[in-house]
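All residue numbers for the sequence shown refer to my numbering, where the first residue is -19 and numbers rise by one.
Glycine is no exception: its CB is placed at the ideal position from the N, C-alpha and C atoms.
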Amino acid sequence: MPIVDQISTFASAPAGSSSPDSVTIDGQGFVWVAYTNGADSTGASGSSTIVQYDKSGHVVHSYQVAGFVDGLKFNPESGEIWALQNQDGNSKLTLIDPITHETDTLSYAHPSSTRGYDDVVFDGNKVFLSFTNPPGTSGDATIVQLTNGDNPHGVLHTKTVLTDGIQGINTETGTLQSVPLTDPDSLKLAPNGDLLLSSGADGVIVDVQDPGTSHQSVAFTQVQGVTPGNAGLDDVIKPSASSGTFYLSDTKDNRVLAVHVSGLNPNDYYASVGSLGAFGQVDPTTGAFTPLISAANAPGFNFGSPHGVTFVADENAAPTPIVDRISTLASAPKGSSSPDSVTIDGQGFVWVAYTNGADSTGASGSSTIVQYDKSGHVVHSYQVAGFVDGLKFNPESGEIWALQNQDGNSKLTLIDPITHETDTLSYAHPSSTRGYDDVVFDGNKVFLSFTNPPGTSGDATIVQLTNGDDPHGLLHTKTVLTDGIQGINTETDTLQSVPMTDPDSLKLAPNGDLLLSSGADGVIVDVKHPGTSHQSVAFTQVQGVTPGNAGLDDVIKPSASSGTFYLSDTKDNRVLALHVSGLNPNDYYASVGSLGAFGQVDSTTGAFTPVVSAANAPGFEFGSPHGVAFVADQSADTDSHVALLKNYMASSFVSTGSGSLGGFNPDQSQSTWSQQALLTQPQHDDGKS
């Protein structure tokens, strides 16, 4: 939850100026503010004052610009400040050079006396403008692209990117509806490249994905608690970090506030809402508005009319996952459906198991295993009997392992990607009600998750395949982990019984831990030194889910601070490729079906922060996240990741050393627990206790 820990008046209007509106930060950290001084918004009279402040709020330089400047933005490509004049008619554009203090005013090729350009966004060398006052309800441009680019000369030309009367996904209902867009106003760039357009009077935030491309799609959020037609929605942003400073103009009180906030949610909007007299957080899933700044906490308890806002992230802010690219890698091939498990082989090919409605006990149906190249083209496909819920590349043999029928009558099919031959193996002690769901390779050791424990204590949930990583003949196992055991709850740092009614996905963490999902429970079980006398266990309960119906599936810890997740969306029959930076090496990244999202789980609190959901998936559609695999960027920071992991794990787990349950002293801190077993399991043949 956002916490406002510091509010101050950054700057008051200089003598002769009033009504601060748009705010921007340049590349040197200077703060620029447009004071509109009561000028006419069609340019009929008056002028605006553009003031450059240093980081302490002292005036560095000021400029007079004719008309009403409602849009002010730093252009990172040219280093200039763009001042958009007269948003309601007779628009012009003034470019300000902060070095020479020279200005250059440009005109539009097709000026209007009743419409104009309100705000601007720079995305690389692309420039987008919001276009105000659409005269009708359908087909009128509301966002345009400046075809002159980011270093314009001469007359300005534009092309339409978005119009009114279009359909978009309502993020609060998940349905396709007409987008309320009578009053296009502020335009911002989200960290993932989306355009955020405010429809001011409507109180609607319009989120445009892949703007100006053939993949463009739209979603919108109606801010709750406002009166449509008189909402007064202005600037809307998504922050680039979990903490930082907002610079916010208060037009009525003639000042700019500096507001430091921590605990920001990167998936929420932060918006100035005039009719509510506040700047606050907007939840896109509900539209709920939570004030952060209002007259209740502003300096002097005065806060009249929030308008422009910009954000500067803290340098030491906790890593916040930034999804900077999402695309559909592959859709289900003809005749296949329900993609589930995903794995990456040693050549970078992506393998996906489509379960096709097969029975999870093998009674009927078959799964399709598809090998894709890095561009999402089919290389080869295989039919495997039954339901393949676990698919994993074996780096030792180069084979793909397909685990069949996780709820009974399990088998294992080995796929050779070179010869395309398959070999199906049986277990020595099959069960009609239990099965093997997922597999992990750790050197020549092979671990399997074992489903549907019949009781609450002593039933195997993870086993080791004693045949090793190149099995032949009947498959034999020995118990590594059982239900009913005790482990450290990472949220409370106490020794508790581990919820483990539904063992499911199994992954290998970069430090060698096993990560087991207890799906229905919504619990992540972290097993250190599995299968050894030093084995120990911790667990994290994902917050926001209903235990018994959580729908937790694949959980991983990434091996770098940035990379690409390959994620199956079972309902929508596709596999997404999403590039994410700012990954936290100490957190889990998990598919949670009941939350309809793939996201970050804080291991110390269990808090779930969506990374991908219907709010940002391609076409704003995202139905049922399941399988996930991760490929680190080659240039990503991995050294710090390993160091952080080592420090974290050293303070979170304790080995027994002796292989038996040791005494637990609640008076000892977690970092000094010694000889206390979080768990060491006895080992039995074939998963039998």
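- Look at the beta carbons and you see the segment 543 to 562 not touching the segment 423 to 434: under three pairs across the two are nearer than 8 Å.
- Counting every other CB atom within 10 Å of its CB across the protein chains shown gives A343 a total below 16, marking it as exposed.
- Annotation for G260: the continuous beta strand (DSSP E) segment containing it runs A258 to V262.
- In the structure shown, the three-state DSSP call for G573 is helix.
- V505 has its alpha-carbon roughly 11 Å from the corresponding atom of S477.
- Residue nearest to P(-18) within the set N245, V525 and D449 is N245 (criterion: CA-CA distance).
- Within its own chain, the residues whose Cβ lies closer than 7 Å to the Cβ of F111, once the five positions on either side in sequence are excluded, are R95, Y97, A121, T122, I123, V124 and P164, listed in chain order.
- Contact between the segment 438 to 446 and the segment 490 to 507 is present, with at least three C-beta pairs closer than 8 Å.
- In this chain, D325 is not harboured by any beta strand (DSSP E), its DSSP state being neither H nor E.
- Within the segment 244 to 314, the complete beta strand (DSSP E) runs of at least 3 residues fall at 249 to 253, 258 to 262, 269 to 273, 286 to 293 and 302 to 311.
- By the neighbour-count criterion, in which a residue is buried when 16 or more other Cβ atoms sit within 10 angstroms of its Cβ, A211 is buried.
- Here F600 carries a helix assignment [DSSP, helix/strand/coil].
- Per the coordinates, the alpha-carbon of I76 lies some 13 Å from the alpha-carbon of P56.
- Distances from the CA of Y88 to each of H133, W12 and V101 were compared; the closest alpha carbon is that of H133.
- The alpha-carbon of F373 is positioned some 20 Å away from that of A312.
- A297 has its alpha-carbon roughly 26 Å from the corresponding atom of N469.
- When only Cα atoms are considered, A570 and Q466 end up about 23 Å apart.
- Its chain contains D1, S2, V3, D215 and S229 as the residues whose beta carbon lies nearer than 6 Å to that of G288, once the 5 sequence neighbours on both sides are disregarded; these appear in chain order.
- Bridge partners of G148 according to DSSP: Q157.
- Classified as exposed, N105 has fewer than 16 neighbouring CB atoms from the shown chains inside 10 Å of its CB.
- Per DSSP, reduced to three states, the secondary structure at V419 is strand.
- Secondary structure in the segment 488 to 526: the beta strand (DSSP E) runs of 3 residues or longer, each lying completely within the stretch, are 494 to 498, 503 to 508 and 516 to 521 in chain order.
- Secondary structure at D103: strand, using DSSP grouped into helix, strand and coil.
- For F10, the secondary structure class from DSSP, reduced to helix, strand or coil, is coil.
- Approximately 21 Å separates the beta-carbon atoms of A278 and I5; this is outside 8 Å, ruling out the contact.
- As DSSP reads the structure, S361 sits in a beta bridge with V350.
- Assignment of I398 by DSSP, reduced to helix, strand and coil, places it in the coil class.
- Comparing alpha-carbon positions, the option among V11, G607 and G260 lying closest to A276 turns out to be G260.
- With contact defined as three or more Cβ pairs closer than 8 Å, the segment 340 to 356 and the segment 574 to 590 are not in contact.
- Cβ neighbours of F10 within its own chain (closer than 8 Å, five residues either side excluded): Q32, Y33, D34, K35, V40 and P78.
- Annotation: Q147 to F600 spans about 12 Å, alpha carbon to alpha carbon.
- Boundaries of the beta strand (DSSP E) harbouring Y227: G224 to D230, taken from the DSSP string.
- Between S(-3) and N17, the CB-CB gap stays under 7 Å.
- Going by DSSP, R235 is part of the beta strand (DSSP E) stretching over R235 to S242.
- Between G573 and G528, the C-beta spacing is not below 7 Å.
- Counting every other CB atom within 10 Å of its CB across the protein chains shown gives R235 a total of 16 or more, marking it as buried.
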